[in-house]
Amino acid sequence: TQFGLKLDQYGKKPAVMKNKLGASVTRDWTEQETLLLLEGLEMYKDDWNKVCEHVGSRSQDECILHFLRLPIEDPYLENLDNCNNSLGPLAYQPIPFSKAGNPIMSTVAFLASVVDPRVAACSAKAAMEEFSKIKDEVPSALMDAHLRNVENSVVNGKFDPSAGLGNSGIAGTLAEKDETEAAE
């Protein structure tokens with residue numbers, strides 16, 4: 001009962017990283033490495049093996065940790081100057097995503113486990129309410145058509161979760177030429 005999950009894909013280290021020491025975790029990231037990380041994420045989504053190969057000079061754990069440390073441009077975040085770049089709960093725990101199937105979801109689960117249960121419950125409730133609002137905006141016929149497109153892409157050997165989204169008309173998924181026409 002594996003449910004099609006690939007749990008081993010994050011356990012492999014690329015050939016570039018076989019002889020790297022743990023001391024490289026403390027080494028500062030250059031702008032070039034950060035750009036390569038962001039470029040790799042754009043190209044390979046959540047395939048962290050390929051992302052760290054794209055960066056070339058960092059391990060998978062370093063890439064994930066640096067991604068999680070990147071600043072979030074959100075006007076609603078409080079002033080974080082008092083944090084002094086601390087890792088918070090991560091400073092006292094082993095890295096939670098090192099052997100996980102999906103490192104981002106594993107980190108989310110870890111962070112949810114270190115907050116007060118009432119805060120987590122309120123956050124989950126708010127997220128579900130927002131999801132309910134958004135869910136009703138997409139007609140079920142449109143969703144069924146998208147699922148068929150994805151299933152057809154899998155049958156053809158090309159798994160693409162965004163198959164046919166550009167033609168669906170769902171907000172934010174218009175093809176680029178349609179967006180430029182709409183802007184004019």
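1 is the number of the first residue of the sequence shown in our numbering; add one for each residue after it.
Note that the Cβ used here is the ideal one computed from N, Cα and C, for glycine as well.
Since this is a predicted model, take the numbers as computed values, not measurements.
(request) Just the C-alpha distance for Leu147 and Glu31, rounded to the nearest angstrom, thanks. (result) So the alpha carbons of these two residues sit roughly 39 Å apart.
(message) I need the DSSP call for Gly40, collapsed to helix, strand or coil.
(response) Of the three classes helix, strand and coil, the one that applies to Gly40 here is helix, per DSSP.
(message) If you reduce the DSSP assignment to three classes, tell me which class Glu130 lands in.
(response) Reduced to three states, the DSSP call for Glu130 is helix.
(request) Express the C-alpha separation of Lys133 and Ala127 in angstroms, rounding to a whole number. (result) Distance between Ala127 and Lys133, taken at the CA atoms: about 10 Å.
(request) State buried or exposed for Leu35, treating a residue as buried only when at least 16 other CB atoms are found within 10 Å of its CB. (result) The residue is exposed, with fewer than 16 neighbouring Cβ atoms inside 10 Å.
(message) Please report the straight-line C-alpha distance between Ile104 and Gly56, rounded to a whole angstrom.
(response) Here the C-alpha atom of Ile104 lies approximately 21 Å from the C-alpha atom of Gly56.
(request) Check Thr30 in the structure and name its three-state DSSP category. (result) Residue state for Thr30 is assigned as coil, using DSSP reduced to three classes.
(request) With a 10 Å radius around its C-beta and 16 neighbouring C-beta atoms as the bar for buried, classify Ser59 as buried or exposed. (result) Under this definition Ser59 is a buried residue.
(message) Please state the DSSP three-state secondary structure of Leu70.
(response) Looking at Leu70 - three-state DSSP - the assignment turns out to be coil, as it is neither helix nor strand.
(request) Just the C-alpha distance for Glu137 and Phe131, rounded to the nearest angstrom, thanks. (result) When the Cα atoms are used, Glu137 and Phe131 turn out to be separated by approximately 10 Å.
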